[in-house]
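Comments concern the structure below.
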Amino acid sequence: MTPTSSSNIVEIRGLTRRFGGLVANRDVTMDIRHGEILGLIGPNGAGKSTLFNQIAGAFPPSSGEIRFEGREISRLPGTQRCLLGIARTFQVPRSFDSMTVVENVMVGSFVRHSAARAARAAAWQTLDYVGMADRGESPAGELTPPEKRRLEMARALATQPRILLLDEVLTGLTPSEAQQGVELVRRVRDSGVTVVMVEHVMEIVMPLVDRAVVLHLGQVLAEGPPKDVVRQDSVITAYLGERHRAA
Amino acid sequence: MSDATATLAVTAAPTPSSKDDGARRRQVLILVAVCAVIALLLFAVTDVYLQNVLILTLMYAALSQSWNILGGYCGQISLGHALYFGVGAYTTSYLFAGYGILPWFGLVLGGVLSALLALVLGYFCFRLKGHYFAIATLVIAEIGLLLVHNSDTLGGALGIQWPFAADGWATMQFARNKLPYIYLALALFVVTWVATYVIEGSRWGFWWRAIKDDSQAAESLGVEVFRSKMAAAGVSAFFTAVGGAFYAAFVAYIDPDSVMSFRFSLLFCLPAVLGGIGTLWGPAVGALILIPVTELTRSYLGGSGSGLDLIIYGGLIMIVALARPEGVLSLFGGAGKGSAR
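Structure, rendered in structure tokens:
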């Protein structure tokens, strides 16, 4: 094993994904480090979600590879990746609406507990952790959109992931809800879980993330500490267009 | 009020699973009560015709429960369960009529064969989603019907007549007294109910419901989607075939159309839809409404072959779909709780 792979939880090498004639990711090479909060940002259509979905296992890359803790996983189905410790949320919440909130979370905790009693206890713990224990018995279909986002996180956390992939969990929240979300994400990171966040609203993620990777037109445009990244000319151009560069 | 909710939250927190255990225990109590009512009915109902209706109601409750495992919990709508019913009925009849092998053995073997068949078919069909899956099951069941029609070994269109045997539990033949068939049908219902109940509370049950709601999200949470569907299909087919074996013993004469026609596939699916799809009691409630109504109209209006019963089903389903899409059971609030959608 090379020295780099010990500090990186995920290594992406030469990843390309085509949809018909469209190249959504072109030769993406990047690392995700153990224990960091990584922001995956970029304007709409930059290929963030495509990259995210390939790490999560929704579809395989056209070429290139993804290594998780040194192991090549780019052809593994999502189920297997979940067992390895990769968990995700969905941009549009996909709660199991015929179940209660705690039952939703149990689906996640059943990955680590085969007995229903243990899975249920773990699910309640997770709900407590994300601050939703009071909603545990509610039907998931009755949750508000921000609550559904939180449930997505609870469900993903219940699988006891090594890395948590969050797809726009902080978008569309009120400032106080977003603040709660930010605190939760920090707590998750502090517990030792690596976090990757896709967001296109920079103001929310920049103060939170340890490192940012900017995608543009399917390629990595810039990466580094958020403060440095937002000052780069190429990033400003990608977001705002050529004319605003001087301003 | 706020005090009450506060204490509730506090007391609920340390033992969150106790509430769920209570709800599940209540379901078992309901089953015991239902069995007690049926036991009382055994004394009250001495009319052979009404006994017949009771047997069919229990049988369809069991068969619809079997269908519900795959269609209701796992969300894979099958319109071809008549195939598995036929496998059970034919395995039992063929072995008993041809080789004198007792129907109890045929019942188990038919169930196993049927489950294996479901796994083979599932291997191909579970690549299809939604309506395409339903259509595939319908077509496959029709192919099965045609194959049996043209099979000389299985008696072709003439079917298989069970040999006359003395009344007894070994041969499952009771020509003079219908009462044992009520016991058998009740046992069939209780067994399928208990199987569903156990699975509902287990990891499989959760996986199935997760797949029904959103299979992509389920996959991301480590659910083995394909394997779960296969398991549901196998269990569902097994119990459907056991029901088929019972029916063959009950009528003692089967032909392709009397056990494998599309009508049966509908009759397994409709009670669950009517009563409450994907719930523990939905199939039983649906069968309790549907089967007596059909049998009574058939006898009073002499509708043999006229399809009037099917018109009634259609009407009932339309009413339910318009007024209570969750099924009749949802009228009773908490009764179906735990899995009511």
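Top to bottom, those sequences are chains A and B.
Number 45 in our numbering belongs to position 45 of the first sequence; there are no gaps in the numbering.
Plus 247 on top of the position in the second sequence (first one is 1) and you've got our numbering.
We put the beta carbon where it would ideally sit given N, CA and C, even for glycine.
Quiz item: Ends of the alpha helix (DSSP H) at Q420/B?
Solution: From DSSP, Q420/B is part of no alpha helix (DSSP H); its letter is neither H nor E.
Exercise. Tell me, please, whether the stretch 452 to 466 of chain B touches the stretch 104 to 115 of chain A by the rule of three or more beta-carbon pairs shorter than 8 angstroms.
Key: yes
Quiz item: Under three-state DSSP, which class holds D27/A?
Solution: strand
Quiz item: Leaving out five residues before and five after F90/A in sequence, what residues of the same chain have Cβ atoms less than 7 angstroms from its Cβ?
Solution: E152, D167
Exercise. With a cut-off of 8 angstroms on the beta carbons, I'd call A442/B and F411/B a contact; round off their distance for me.
Key: Between F411/B and A442/B the Cβ distance is about 34 angstroms, and since that is not below 8 angstroms, they are no contact.
Quiz item: Hey, quick one: how far does the beta strand (DSSP E) through F68/A stretch, first residue to last?
Solution: 63 to 68
Practice problem: Check D190/A in the structure and name its three-state DSSP category. | Solution: helix
Self-check item: Residue from G357/B, I536/B, H328/B whose Cα sits closest to the Cα of L342/B
Solution: G357/B
Quiz item: Can you tell which of G269/B, A270/B, L276/B, V470/B has the C-alpha that lies nearest to the C-alpha of V437/B?
Solution: L276/B
Quiz item: So, does the CB of A251/B fall closer than 8 angstroms to a CB anywhere in chain A?
Solution: Only weak support exists for where A251/B lies, its pLDDT of 40 falling under 50; the value from the coordinates is given anyway. No, its Cβ sits nowhere closer than 8 angstroms to a Cβ of chain A.
Exercise. Note down, in chain order, every chain B residue with its Cβ under 8 angstroms from the Cβ of G108/A.
Key: L468, G469
Practice problem: Look at the Cβ atom of L38/A, then the Cβ atom of V196/A, and state whether they are nearer than 8 angstroms. | Solution: yes
Quiz item: Does the beta carbon of M248/B come closer than 8 angstroms to any beta carbon on chain A?
Solution: Bear in mind that the predicted position of M248/B carries a pLDDT of just 37, short of 50, making it too unreliable to give a figure here.
Quiz item: Would G391/B pass as a contact of G333/B if the rule is Cβ separation under 8 angstroms?
Solution: yes
Self-check item: Cβ of S449/B within 8 angstroms of any chain A Cβ
Solution: yes
Self-check item: Which of helix, strand or coil DSSP assigns to V472/B
Solution: helix
Quiz prompt | Sequence-distant residues of the same chain with beta carbon closer than 7 angstroms to L521/B, five excluded per side | solution = G533, I536, L537, L563, I564, V567, G574, V575
Practice problem: Could you list which residues in chain A have their beta carbon closer than 9 angstroms to that of Q463/B, in chain order? | Solution: A58, G78, F90, R94
Practice problem: Spell out whether any CB of chain A is found under 8 angstroms from the CB atom of G590/B. | Solution: Any property of residue 590/B remains undetermined from this structure, which presents chain B solely from 248 to 588.
Quiz item: Of all the residues that make up the stretch 414 to 433 of chain B, which are near chain A by a beta-carbon distance shorter than 8 angstroms?
Solution: none
Quiz item: Quick one, are the C-beta atoms of S49/A and T16/A less than 8 angstroms apart?
Solution: no
Quiz item: In terms of residue numbering, what span does the alpha helix (DSSP H) encompassing N315/B cover?
Solution: 295 to 315
Practice problem: Mark P161/A as exposed unless 16 or more other C-beta atoms lie within 10 angstroms of its C-beta, in which case mark it buried. | Solution: buried
Exercise. Please list the partners that V111/A has in chain B, where partner means a Cβ-to-Cβ separation under 9 angstroms.
Key: L468, G469, V470
Quiz item: Between V300/B and E542/B, which are expected to be in contact by the criterion C-beta below 8 angstroms, what is the C-beta distance as a whole number of angstroms?
Solution: 5 angstroms
Quiz prompt | Positions along the stretch 496 to 510 of chain B whose CB lies within less than 9 angstroms of some CB in chain A | solution = none
Self-check item: Between the CA atoms of D233/A and R186/A - distance to the nearest angstrom
Solution: 29 angstroms
Quiz item: How would you call I55/A, buried or exposed, if buried means at least 16 neighbouring beta carbons within 10 angstroms?
Solution: buried
Quiz item: What residues from the stretch 146 to 170 of chain A come within 7 angstroms of chain B, judged by C-beta to C-beta, listed N to C?
Solution: R155, T159
Self-check item: Any alpha helix (DSSP H) of 4 or more consecutive residues that is wholly inside the stretch 441 to 465 of chain B
Solution: 450 to 460
Quiz item: Should L354/B and A480/B be called a contact, given that it needs their Cβ atoms to be closer than 8 angstroms?
Solution: no
Quiz item: Anyone know if the C-beta pair for A434/B and L349/B falls short of 8 angstroms?
Solution: no
Exercise. Give the straight-line distance between the Cα atoms of V230/A and R94/A, rounded to the nearest whole angstrom.
Key: 32 angstroms
Quiz item: Grouping DSSP H, G and I as helix and E and B as strand, with all else coil, what is R75/A?
Solution: coil
Exercise. Give a yes or no on whether the C-beta atoms belonging to T194/A and I9/A are separated by under 8 angstroms.
Key: yes
Exercise. Spatial neighbours of A519/B within its chain, please: CB distance less than 7 angstroms, with the 5 preceding and 5 following residues excluded, ordered by chain position.
Key: S311, W314, N315, G318, G319, G529, P530, G533
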